[in-house]
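Novice: Residue numbers (my numbering), protein chains in the order written: chain U, 1 to 650; chain S, 1001 to 1247.
Ideal Cβ placement from N, Cα and C applies to all residues, glycine included.
Bear in mind the structure is a predicted one, so any value in this text is a computation, not a measurement.
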Amino acid sequence: MDIYLAQLMNGLVYGMLLFLTAAGLSLIFGLMNVVSLAHGSFFMLGAYLAFAVVRETGNYWLALLISPCLTVLVGLVVERFFMRRLYRRGHLDQVLLTFGFTFVFFDAVRSIWGSDIRKLAPPVSLEGSIALVGGMFSTYRLFLLAFGALLALILWAVMEKSRLGAMVRAGVDDSQMAAGLGANIPALFSGVFGAGVALAAIGGVVAAPVLGLYPGMDGDILIPSFIVIVIGGMGSLRGAFVGTLLVGIADAFGKAYVPALSLFLIYLLMAVFLLVRPQGLFGIKGGVAPAGMVVAARAALSATLRVKVIAALVLLALACYPLLVPDYQRTLVSEIFVFAIFAMSLDLLLGYTGLPSFGHAGFFGLGAYTVIVLGALFGLNGWTGVLIAVPLTALAAALIGFFCVRTSGITFLMLTLAFSQLLYSIAFKWRDVTGGSDGIGIPDRPNIFGWSLSEPIVMYYVTFGFCLLCYVGLRRLIASPLGHAFIGIRENESRMRAIGYSTGLYKLLSFTIGGALAGLAGGLYALFNGFVSPEVLHWSASGDILIMVMLGGAGTLLGPVLGSAIFLLMKNLVSSYNDHWMMIIGIIFIACVMFFPGGVWGILSSRIAGRKPDSPPRPGTTPAEGIASGDKAPTGAAPGASMTVDGAAR
Amino acid sequence: MSTLQIEDLYRSFGSLVVTQHVNLSIGAGERHVIIGPNGAGKTSLINQIGGQLRPGSGRILLDGVNIIGQAPEQVLRSGIARTFQKNNLFFNLSVIENLRLAVQARRGNGLQCFRPARSLTAIMSRAESILAQVKLDANGSRAVRELSYGEQRQLEVGLALAGDPKVLLLDEPTSGMSPAETAGMIELVRSLPRELTVVMIEHDMHVVFSLADRITVLYYGEVLATGTPQEIQDNERVREIYLGARH
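So this is what it looks like as structure tokens:
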């Protein structure tokens, strides 16, 4: 049988599966300006529910009917009772909310159906193969193609020919305008979200016999779908269709002919498209997708005596702590210090510059791998490794940033995510160097002034020192003209340009500094852990660090420190008692996004400053909204609320 | 030679032409007011000069140098600063921070990262003098979102002035202002250095005739007439199409 034809077939099938997820994702984004990170979860949920129905009834067709209906119900609950409450806030809050749900669904699926790969047989009527032009093709795959094409056709007909479709298209262009034309916007949002979920669930059901079922299949479909949307253009059905075919075929031929590079091929495709056409093939909403930044400009905490005393006491306690506790706790707090550096570095992007990076773990992982690989393969001292890791990560960040800062908001988020997955796939595939999925370790830790870092107490003081250094350095950066320029970009990028800032350059600088610091954190992590595996740069690791920043309070420096402490302590505590750590962190994160947008530090700092813990003032997502909220600004908004943490404005 | 010269500017959105055959010549220190009914393409014109909107064709010359196609930040550095019709400020920062951001951009201190911003006294004092110039000295440390709408309009002008422009573009500086605030804005524009060229969009005829050296009337993206206030008042077509429609 013609090998090209077979590959083409594989590519088309995979493309069709991608299309079902990407089309929904794209529609939801186009209309609601929200990238639903839970979209992969609905795909997974659809597949597993079908698995359950088939096991009960033995009827695949019944599963294809029931499973999407159930999944849509779940999706509507998420939309109606969670996302809708956040409509008035920035879109990014809604994105983060859907991220919280990925944890919940993942844990739910894992605890109900287990972590093993499950198989779902195709229906009996579609078993076997059919002889067609020049070869034998699996009947099920042919069915898949026809079914997908039919769905695409129906979708197209609804969007282009029906009144409902016209309303949705009007909403994609301008939701206010659509409302003016009599569209019921909340119902429209629910409907489109539900339809998107249905498509993803159907995709999951029909994909199950081809791809198998496993927890983690959510991410495996989500990331390529993102790439499809980036290539095809946001909010465009035609773009999603052409994008999936391109990605599917590139993937299939890549796997067949350049297996070592197969994962890179689609990222390469994406990078090329971004350079040539940043708005995608058929982009309706270009790279200017607005994403409201979540960060509140907090009231300046003036360095009163009270604050100074508290700070001194905390420092003293942290300095004495390792002398009083056993090794286990020294190690735990050392890890917190490492992740605190990592979290602060992300906050420079997210909280201060307004760049919602969802791929920051890529730089952390790059730093860690650099130290470990140089140590394991060349016997290089760990400190030399760190010295090499930091500039190397800075370089990588500058390179990746060059592509990413051309976009903003949601597009930026998806791009950073895709790039970190690229690094992940390198770590995963380049077995000779990275050890692949097994990871790689170094035999021993370096010394400092004659003391070995393998002593937990030495590690404690080293990480403590670095964490302190980073805090002080970042604080100075934030208070400097450059730091203020970052904050200006977060607040209002278009005005920054009108007053003479080449904002792209500034964003690239912020991205590079943040990346380099994440690389430092990664290098320290390598010394701390002595071992590294691809998980450290997986997109869920980027999510974890994002959670730490949000939990503690983005847009402050102590918030991320506090957030990483709470996150890691909780993880330690909860995971030693029960298995549902992911479910619990997911729920806490959802609650945090919904009810405490200022994070723990937001609540705490107002108490330290001796004020009532009022809800922190939130910036408008657009200048226009800013006017409205400015008029109605709560009186609780502290006078002199201004830049940064420490009254730099004064 | 005129300071700002616009030659045969053209721009459309699909089939909607917002600017065509626009030729303007504005001399140094001139107070030039652009009027026209809603949808005449006034803000589109300002956006094209400011770099926010890319013109389709034509030339925009600043002191004889073509600046067409420049990004907003390049336009600012070339010497044209603008305000916005809708307040477009850093609402969560204090008033003085707003101004200091603009001053430090112009002075090239934006990339400095080893000294606290507040220790750069040259920038600080320049920001404070602009603060006084736009009559916000009492509000320097307040967050912008706490200011009244009119005060925010004043800061709009302050942010543009901080760019030390040769040409200042004001997009409806008095829109939404009370009569007292409007009088203050007229005062403010009158107090600007006489060598500064000011191009201004305005609806309020009292403001227009208080400030204008010359007036341009835009109508459906085209220049209907340009001339002194007296010439414009006497122009039959303007009376017919614009003033006539208004009154």
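Just to check my reading of the structure: His-580(U) and Asp-107(U) have Cβ atoms closer than 8 Å, yes? What is that Cβ distance to the nearest angstrom?
Specialist: Contact flag correct, Cβ pair sits at about 6 Å.
Novice: How many Å lie between Leu-1053(S) and Glu-1073(S) at the Cα?
Specialist: Cα to Cα, Leu-1053(S) sits roughly 13 Å from Glu-1073(S).
Novice: Hey, is Gln-1154(S)'s beta-carbon within less than 7 Å of any beta-carbon in chain U?
Specialist: No, its Cβ sits nowhere closer than 7 Å to a Cβ of chain U.
Novice: Would you decide whether Thr-1043(S) is buried or exposed? Buried here means 16 or more other CB atoms lie within 10 Å of its CB.
Specialist: Buried.
Novice: If we count the other Cβ atoms within 10 Å of its Cβ and call it buried at 16 or more, is Tyr-525(U) buried or exposed?
Specialist: By the 10 Å Cβ count, Tyr-525(U) comes out buried.
Novice: Would you kindly report the start and end of the unbroken beta strand (DSSP E) that includes Glu-491(U)?
Specialist: Unbroken run through Glu-491(U) is the alpha helix (DSSP H), 481 to 491; no beta strand (DSSP E).
Novice: Against Arg-1126(S), what residues of chain U qualify as contacts under a CB-to-CB distance less than 8 Å, listed in chain order?
Specialist: Correct list: empty, because the minimum Cβ distance to chain U is about 13 Å.
Novice: I'd like to check one pair, Leu-453(U) with Leu-332(U): are the Cβ atoms closer than 7 Å?
Specialist: Their beta carbons are not under 7 Å apart, which means Leu-332(U) does not touch Leu-453(U) by this criterion.
Novice: Counting C-beta neighbours from all protein chains within 10 Å, is the total for Met-459(U) 16 or more, i.e. buried, or is it exposed?
Specialist: The residue is buried, with at least 16 neighbouring Cβ atoms inside 10 Å.
Novice: By a C-beta neighbour count over all protein chains shown, 10 Å radius and 16 as the cutoff for buried, is Gly-11(U) buried or exposed?
Specialist: Gly-11(U) should be labelled buried.
Novice: Figure out for me which residue from Ser-111(U), Ala-240(U), Phe-42(U), Trp-61(U) has the closest Cα to the Cα of Gly-77(U).
Specialist: Residue 77(U) is actually Val in this sequence, not Gly. Ranking the options by Cα distance to Val-77(U), first place goes to Phe-42(U).
Novice: Between Val-1134(S), Glu-1181(S), Arg-1145(S), which lies nearest to Asn-1087(S) when the distance is taken from Cα to Cα?
Specialist: Of the candidates Val-1134(S), Glu-1181(S), Arg-1145(S), the one whose C-alpha sits nearest the C-alpha of Asn-1087(S) is Arg-1145(S).
Novice: Can you name the residues of chain U whose CB is closer than 7 Å to the CB of Glu-1073(S)?
Specialist: Within chain U, the residues near Glu-1073(S) are Arg-497, Gly-500, Tyr-501, Ser-502.
Novice: Could you please give the first and the last residue of the uninterrupted alpha helix (DSSP H) stretch that includes Asp-1063(S)?
Specialist: Element bounds for Asp-1063(S): n/a, residue is neither H nor E.
Novice: How big is the Cα-Cα spacing for Leu-350(U) and Gly-553(U)?
Specialist: Leu-350(U) and Gly-553(U): Cα-Cα distance of roughly 11 Å.
Novice: Can you name, in chain order, every residue of its own chain whose Cβ lies under 7 Å from the Cβ of Val-532(U), other than the five neighbours on each side?
Specialist: Hits under 7 Å: Ala-368, Tyr-369, Ile-372, Gly-439, Ile-440, Ala-526.
Novice: Can you list, in chain order, the residues of its chain with a C-beta nearer than 6 Å to that of Gly-586(U)? Leave out the 5 residues immediately preceding and following it.
Specialist: Once the five neighbours on either side are set aside, the close Cβ partners of Gly-586(U) are Gly-100, Phe-103, Val-104.
Novice: Does the count of Cβ pairs from the region 506 to 521 of chain U and the region 389 to 405 of chain U closer than 8 Å reach three?
Specialist: Taking 8 Å as the limit for Cβ pairs, the verdict is that the region 389 to 405 of chain U does touch the region 506 to 521 of chain U.
Novice: Quick check: the region 532 to 545 of chain U against the region 374 to 382 of chain U, are there 3 or more CB pairs under 8 Å?
Specialist: Output reads no: the region 374 to 382 of chain U does not touch the region 532 to 545 of chain U.
Novice: Would you tell me roughly how many angstroms separate the C-alpha atoms of Gly-365(U) and Glu-1222(S), rounded to the nearest one?
Specialist: In a straight line, the C-alpha of Gly-365(U) is about 58 Å away from that of Glu-1222(S).
Novice: Give the range of the alpha helix (DSSP H) segment to which Asp-347(U) is assigned.
Specialist: Taken as a continuous stretch (DSSP letters only), the alpha helix (DSSP H) holding Asp-347(U) covers 327 to 347.
Novice: Based on the DSSP secondary-structure assignment, which residues constitute the bridge partners of Trp-451(U)?
Specialist: Ile-448(U).
Novice: How many Å lie between Arg-566(U) and Met-548(U) at the Cα?
Specialist: Position check: residue 566(U) holds Ile in this sequence, whereas Arg was assumed. Cα to Cα, Ile-566(U) sits roughly 8 Å from Met-548(U).
Novice: What does Leu-1009(S) pair with, by DSSP beta-bridge criteria?
Specialist: Leu-1009(S) pairs with Val-1022(S).
Novice: Please list, in chain order, all residues of the same chain as His-538(U) whose beta carbon is under 6 Å from its beta carbon, the five residues on each side excluded.
Specialist: These residues qualify, in order along the chain: Tyr-424.
Novice: Let's see if you can read the secondary structure: which residues bound the beta strand (DSSP E) around Ile-962(S)?
Specialist: The shown model of chain S, from 1001 to 1247, leaves out residue 962(S), and the question about it has no answer.
Novice: On the three-state DSSP scale, how would you describe Met-1177(S)?
Specialist: In the structure shown, Met-1177(S) sits in coil (DSSP, three-state: anything other than H, G, I, E or B).
Novice: When DSSP builds the beta bridges, which residues end up paired with Gly-1227(S)?
Specialist: Per DSSP, Ile-1215(S).
Novice: Determine, using beta carbons only, whether Val-1199(S) and Leu-1169(S) come nearer to each other than 7 Å.
Specialist: The answer is yes: Cβ separation under 7 Å.
Novice: Can you tell me which of the three DSSP states Phe-99(U) falls into?
Specialist: If DSSP states are grouped into helix, strand and coil, Phe-99(U) belongs with the helices.
Novice: For Leu-573(U), is the classification buried or exposed, using 16 other Cβ atoms within 10 angstroms of its Cβ as the cut-off for buried?
Specialist: Answer is exposed; the Cβ neighbour count stays below 16.
Novice: Could you tell me the distance, in whole angstroms, from the CA atom of Leu-468(U) to the CA atom of Lys-308(U)?
Specialist: Spanning the two alpha carbons is a distance of roughly 16 Å.
Novice: Using the C-alpha atoms, what's the distance from Leu-1089(S) back to Val-1134(S)?
Specialist: Cα to Cα, the separation comes out at about 15 Å.
Novice: Among Ala-271(U), Phe-464(U), Asp-432(U), Tyr-501(U), which residue has its Cα nearest to the Cα of Gly-401(U)?
Specialist: Checked all of Ala-271(U), Phe-464(U), Asp-432(U), Tyr-501(U); the closest Cα to Gly-401(U) is Ala-271(U).
Novice: Taking 8 Å as the cut-off, does the region 1143 to 1158 of chain S touch the region 1174 to 1185 of chain S (at least 3 CB pairs, one atom from each stretch)?
Specialist: Short answer: they touch.
Novice: Identify every residue that forms a DSSP beta bridge with Ala-131(U).
Specialist: Bridge partners of Ala-131(U): Met-136(U).
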